[in-house]
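Protein chains: 2
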Amino acid sequence: MGGVSFKDDPTAKGFFAPLRFEATLIDCEVEGDIPAGLNGSFYRSCIDRRYPPRFPDDTPYNSDGAVDLFRFTNGHVDFRSRYIQTPRLKAETAARRALFGRYRNRGTYDPSARDISPNTGNTTPIIHHGRLFSFKEDSPPMAMDPDTLETIGEWDFHGQMRAKTFTAHPKIDPNTGDMIAFSYEAKGDVSPDLAVFVFDKHGKLKREWWIKAPVVSMMHDMAITDRHIILPTTGMVTNQERLDAGLIHWTYDSSVPCHVAIIPRDGDDKDVRWFHGTPEQAMLVHTTNARTEGNKVILDAPVASNNFHPFFPNADGSAFDVSGVSPNIRRWTFDLDSKDTGWKEEVLFGGLRGTSMVRMDDRYLTRPFRWSYMLVVDPTLPFDRERGGKLSVRVANSIFRFDHHTGAIDRLSAGNTHSLSEPQFVPARPDAPEGEGYILTVANDYSEMRSELVIADAMRLGDGPIARVKLPFRLHTQVHGWWEPQEGFLTGFRPR
Amino acid sequence: MGGVSFKDDPTAKGFFAPLRFEATLIDCEVEGDIPAGLNGSFYRSCIDRRYPPRFPDDTPYNSDGAVDLFRFTNGHVDFRSRYIQTPRLKAETAARRALFGRYRNRGTYDPSARDISPNTGNTTPIIHHGRLFSFKEDSPPMAMDPDTLETIGEWDFHGQMRAKTFTAHPKIDPNTGDMIAFSYEAKGDVSPDLAVFVFDKHGKLKREWWIKAPVVSMMHDMAITDRHIILPTTGMVTNQERLDAGLIHWTYDSSVPCHVAIIPRDGDDKDVRWFHGTPEQAMLVHTTNARTEGNKVILDAPVASNNFHPFFPNADGSAFDVSGVSPNIRRWTFDLDSKDTGWKEEVLFGGLRGTSMVRMDDRYLTRPFRWSYMLVVDPTLPFDRERGGKLSVRVANSIFRFDHHTGAIDRLSAGNTHSLSEPQFVPARPDAPEGEGYILTVANDYSEMRSELVIADAMRLGDGPIARVKLPFRLHTQVHGWWEPQEGFLTGFRPR
């Protein structure tokens with residue numbers, strides 16, 4: 001009798017092979033000194049298939065979700081990883097095989113799974129009102145226990161959240177603790193409906209908008225200012241014909257322009273204003289930060305000009321172009337006083353080769369800020385690997401710190417033996433000045449196939465790690481991370 | 001602030017480094033075909049330190065215990081590993097450092113730990129009366145849940161077991177399901193008291209003997225026949241002066257002879273008869289099997305002629321001699337009709353280089369038998385590794401099957417990239433003839449630092465594995481293992 005085998009999955013190689021196990025490790029081995037006062041929890045949402053996909057062209061974004069927790073207590077670090085026990089994972093585990101099919105296409109699921117939520121929760125962890133959530137944009141949030149990582153279940157905020165989907169990138173307003181979020185395809189597959197929500201720090205729904213998008217597209221991230229909510233569309237589009245044909249949900253259409261909704265936080269549905277850009281602006285995956293100055297809304301974000309997602313085909317049939325994945329960091333200024341439906345664009349940092357995994361000091365969300373941190377490929381390092389056996393790209397091996405005031409770049413380099421993960425900024429103290437703190441990033445050691453959590457001084461990235469939390473195994477691929485300080489100063493809640 | 005570091009522990013290298021994490025892996029990857037009908041649970045008791053030892057000369061036998069479970073269900077294999085949550089592990093985890101000191105010497109413990117049980121439970125797993133036990137000979141059994149591996153606690157059989165210690169090698173009588181066990185240093189450190197117990201298949205104490213040993217020595221294993229219990233002493237001895245001097249419990253005294261107690265299972269304390277051998281017979285660590293024929297008691301066992309334990313010093317101050325670790329397989333015949341207090345010795349298999357990790361088809365315990373299986377170093381393979389940075393020995397890389405009728409040897413070889421663990425025999429069917437079944441052994445892949453469970457046809461070891469259950473990480477060092485069939489035919493109980 002044969003058991004599970006990933007030998008026919010070309011993406012399951014090296015560090016891209018699924019981990020498939022859950023681990024608990026009390027008191028990780030540490031090299032160097034954990035900074036005094038670095039007490040809190042670092043969560044990572046990761047992709048990790050339990051069963052080989054039923055379709056070889058399925059995207060890794062359709063993998064089961066797992067959450068890692070590094071908990072820091074007075075220089076000691078405890079590690080825990082758990083699968084998110086989604087209805088989907090439970091059904092597949094009971095069947096001991098994959099039941100779901102191509103990403104977001106129910107027609108391709110095993111008949112036994114067509115009425116089961118496809119939620120994987122594999123994208124972003126956030127702590128809010130005392131709960132840990134891990135989000136996947138095609139489904140409601142998955143709620144988990146912030147200490148044990150036990151899954152509570154799909155979360156509709158006690159019936160307050162009526163949309164069928166929920167963004168993986170809600171924003172926590174550091175001024176109020178409010179969680180601002182949105183849903184796209186909010187009324188179901190291919191629906192143009194967008195819902196926008198504000199939940200207060202106790203999880204109570206304060207405001208809700210329902211609007212229509214000019215295009216049904218992947219809308220992965222959003223931005224907020226103290227007065228506005230910013231929702232960009234992208235060139236990743238879908239339609240009923242694709243789904244009926246059994247194809248993967250998304251295709252990249254290079255003729256589709258970017259549309260941006262600006263929503264006044266104190267306004268109604270009718271106050272929403274749409275701006276319209278070009279197709280070269282329609283590959284914004286993540287935002288850095290935004291602010292409102294007078295009647296101008298200013299957004300900084302890495303934006304690519306071509307298909308960012310190798311696993312989603314180009315609509316015109318052209319092959320995936322690896323150069324399309326490299327965004328530059330742009331500043332978009334929307335003038336609310338102008339009748340013009342376009343916006344002003346400046347390139348702040350160009351010539352990058354990298355990802356869109358950008359973070360900043362979250363205390364400065366909605367406000368003027370100076371620093372951002374992004375996972376990039378440092379092209380000066382001679383590091384080249386076969387990624388998933390399919391796409392040859394350099395592995396992201398550096399964290400760049402961008403100075404949005406001066407244009408300067410500082411860099412943490414992992415050399416040519418490690419890849420890195422999305423940087424997590426942690427303030428040195430709750431009242432530390434912006435950028436004074438630490439960068440946490442998981443480094444994957446290709447030479448030993450082991451992972452470690454690297455801690456660097458955010459003001460001296462070039463000096464390299466000040467501490468390394470070493471694991472005796474490799475880790476799965478992280479999507480996004482979250483730092484929750486022990487005192488929970490952002491949300492007013494402390495993890496149990 | 002510094003975290004845990006093993007960099008000063010010379011034994012924590014490569015596969016001898018502690019694993020330190022607990023894992024759950026549903027549906028392991030499998031190469032080859034799991035034999036139909038191989039349904040049940042393979043347990044392994046392992047050593048795995050959570051904290052670096054307080055004394056660099058401490059024995060690995062003093063490491064925390066962990067239990068692994070490979071559960072086979074219709075060709076699927078689920079894996080789980082858990083630390084045994086001993087009072088000792090809990091105390092050290094709360095303190096986030098080692099509190100215990102040298103092996104079995106309370107005077108060397110941190111004062112906060114001197115009243116806490118030193119139990120690690122790290123030696124042998126056995127299922128009996130529906131419970132999983134993991135034994136350590138210096139303490140009572142540790143009871144665990146056979147499915148979840150959650151620790152229940154130290155076990156005194158509901159108050160029936162009054163000794164302070166309990167062997168790591170109880171025997172389950174396949175005729176009755178009785179568990180026959182003994183305790184040495186049964187009334188405390190350096191006490192010459194031995195207790196011998198018979199528990200029925202429901203865990204009820206049926207018989208009990210209390211006798212005195214002629215020497216206070218490590219008595220690691222025992223043997224049973226349908227009519228007798230056999231208890232050998234060894235040359236590993238101790239005394240109060242050693243303990244008072246803060247030394248590790250054991251020292252090897254090459255002048256101490258072997259003494260063997262033969263206990264009639266239907267007799268009283270006064271019916272126990274002691275036989276006396278030579279110092280060259282005083283290094284029996286494990287037994288193979290025994291039987292009573294007429295008034296002769298016949299024991300087969302691997303026996304070395306010198307110190308087997310590199311971590312316990314020689315009493316005469318001489319250096320550890322690596323050649324002492326290699327036992328040959330001997331047959332000892334005790335004639336109960338003779339007044340002679342010696343016994344007859346034959347060497348069944350000599351010239352071996354290896355361990356004393358021997359197992360057989362447990363259905364034939366107490367009976368005439370043909371096959372035994374032992375973990376050995378095949379000296380024809382060019383494999384040499386630094387073991388623990390201290391002792392250079394070849395890693396055990398082969399399972400030999402010994403034919404006790406003909407003297408023939410068949411062998412399963414792991415070549416020069418893997419080490420192997422104690423073989424576990426599993427019958428092909430409850431009513432299969434002796435030796436018809438499978439050998440399970442964990443192989444540690446030094447080239448990739450990963451482990452896998454290898455399954456071979458016990459009648460065709462030379463053909464190599466028929467299936468390999470692959471783990472994405474290395475495993476800790478196994479001491480002993482146990483197979484519990486799904487139907488629990490040996491004990492009449494099925495694991496929950």
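Residue numbers (my numbering), protein chains in the order written: chain A, 1 to 496; chain B, 1 to 496.
Backbone N, C-alpha and C define an ideal beta-carbon position, used for all residues, glycine too.
Note that this is a predicted model, so its numbers are computed, not measured.
Checking contacts by CB at 8 Å: is residue 365(B) closer than that to chain A?
Not one chain A Cβ lies under 8 Å of residue 365(B).
DSSP state of residue 3(A), grouped into three classes?
Residue state, collapsed to three classes: coil.
Quick one: give me the first and last residue of the beta strand (DSSP E) that residue 90(A) is part of.
No beta strand (DSSP E) holds residue 90(A); the alpha helix (DSSP H) holding it covers 87-95.
Using a Cβ-Cβ cut-off of 8 Å, state whether residue 77(B) counts as contacting chain A.
Yes, residue 77(B) lies at the interface with chain A (some Cβ there is under 8 Å from its Cβ).
By Cβ distance below 6 Å, which residues in the same chain neighbour residue 481(A) in space, the five residues on each side in sequence not counted?
Within the same chain, residue 481(A) has close Cβ partners 44, 422 and 424.
Between residue 392(A) and chain B, is any beta-carbon pair separated by less than 8 Å?
Bear in mind that the predicted position of residue 392(A) carries a pLDDT of just 38, short of 50, making it too unreliable to give a figure here.
Taking the alpha-carbon positions, what's the residue 340(A) to residue 186(A) distance?
If you take the alpha carbons of residue 340(A) and residue 186(A), they lie about 29 Å apart.
Interface residues of chain A around residue 25(B) at Cβ under 7 Å?
Correct list: 20 and 21.
If you draw a straight line from the alpha carbon of residue 265(A) to that of residue 403(A), how long is it in whole angstroms?
In a straight line, the C-alpha of residue 265(A) is about 29 Å away from that of residue 403(A).
In three-state DSSP terms, what is residue 107(B)?
In this structure, residue 107(B) counts as helix in the three-state DSSP scheme.
Under 8 Å between beta-carbons, which chain A residues line up against residue 30(B)? List them in chain order, please.
Simply 2, 3, 4 and 5.
Can you check which of these residues, 297(B), 290(B), 298(B) and 278(B), is closest to residue 306(B) by C-alpha distance?
Closest by alpha carbon: 278(B).
Express the C-alpha separation of residue 9(B) and residue 99(A) in angstroms, rounding to a whole number.
So the two alpha carbons sit approximately 47 Å from each other.
Which of the three DSSP states is assigned to residue 60(B) in this structure?
It is helical.
Would you identify the three-state DSSP class for residue 159(A), choosing helix, strand or coil?
Residue state, collapsed to three classes: coil.
Just mark residue 36(A) as buried or exposed, buried being the case when its beta carbon has 16 or more other beta carbons within 10 Å.
Exposed.
Which same chain residues, not among the five before or five after residue 365(A), have their C-beta less than 8 Å away from its C-beta?
The answer, listed in chain order, is 171, 172, 173, 174, 224 and 289.
Check whether the segment 267-281 of chain B touches the segment 145-153 of chain B, counting contact only when three or more Cβ pairs, one atom from each stretch, lie closer than 8 Å.
The segment 267-281 of chain B vs the segment 145-153 of chain B: no contact.
Output, in sequence order along the chain, the residues in the segment 45-69 of chain A whose CB is closer than 9 Å to any CB in chain B.
Within the segment 45-69 of chain A, the residues whose Cβ lies closer than 9 Å to some Cβ of chain B are 50 and 51, listed in chain order.
Against chain A, which members of the segment 133-164 of chain B pass a CB distance test of less than 9 Å?
Listed by position along the chain: nothing, the set is empty.
Taking Cβ-Cβ distances shorter than 8 Å, what residues in chain C pair up with residue 192(B)?
Included in the structure are the protein chains A and B, with no chain C among them.
CA-CA distance, residue 383(A) and residue 6(A)?
Reliability of the predicted coordinates at residue 383(A) is poor, the pLDDT of 41 falling under 50, and the value obtained from them is presented with this limitation in mind. Between residue 383(A) and residue 6(A), the C-alpha separation is close to 26 Å.
From the beta carbon of residue 93(A), is the nearest beta carbon of chain B less than 8 Å away?
Yes, its Cβ sits closer than 8 Å to a Cβ of chain B.
Between which two residues does the beta strand (DSSP E) harbouring residue 31(B) extend?
Residue 31(B) -> beta strand (DSSP E) spans 29-32.
Could you check how far apart the C-beta atoms of residue 80(A) and residue 69(A) are, in whole angstroms? I think they sit under 8 Å.
Confirmed, about 5 Å.
In three-state terms, what does DSSP make of residue 456(A)?
Three-state DSSP puts residue 456(A) in a strand.
Thinking C-alpha only, which one of 437(A), 331(A) and 76(A) is nearest residue 33(A)?
It is 76(A) whose Cα lies nearest to the Cα of residue 33(A).
Taking just the CA atoms, how far does residue 39(B) sit from residue 398(B)?
Between residue 398(B) and residue 39(B), the C-alpha separation is close to 25 Å.
As a quick exercise: from 159(B), 169(B), 192(B) and 157(B), pick the residue whose alpha carbon is nearest that of residue 135(B).
Cα-wise, what sits closest to residue 135(B) is 169(B).
For the segment 96-116 of chain B, list every residue whose C-beta sits within 8 Å of some C-beta in chain A, in sequence order.
For the segment 96-116 of chain B, which is checked against every Cβ of chain A, the residues closer than 8 Å are 96.
To the nearest angstrom, how far is it from the Cα of residue 105(B) to the Cα of residue 433(B)?
C-alpha separation (whole angstroms): 47 Å.
Which chain B residues are close to residue 473(A), counting only those with a beta carbon under 8 Å from its beta carbon?
Those within 8 Å of residue 473(A) in chain B are 21, 472 and 473.
Considering just the uninterrupted stretch of the beta strand (DSSP E) at residue 281(A), what are its terminal residues?
From DSSP, residue 281(A) is part of no beta strand (DSSP E); its letter is neither H nor E.
Could you say which of 448(B), 439(B) and 462(B) lies nearest to residue 454(B) if we only look at CA atoms?
Ranking the options by Cα distance to residue 454(B), first place goes to 439(B).
Which residue's Cα is closest to the Cα of residue 300(B): 313(B), 284(B), 314(B) and 312(B)?
With distances taken between Cα atoms, residue 300(B) lies closest to 284(B).
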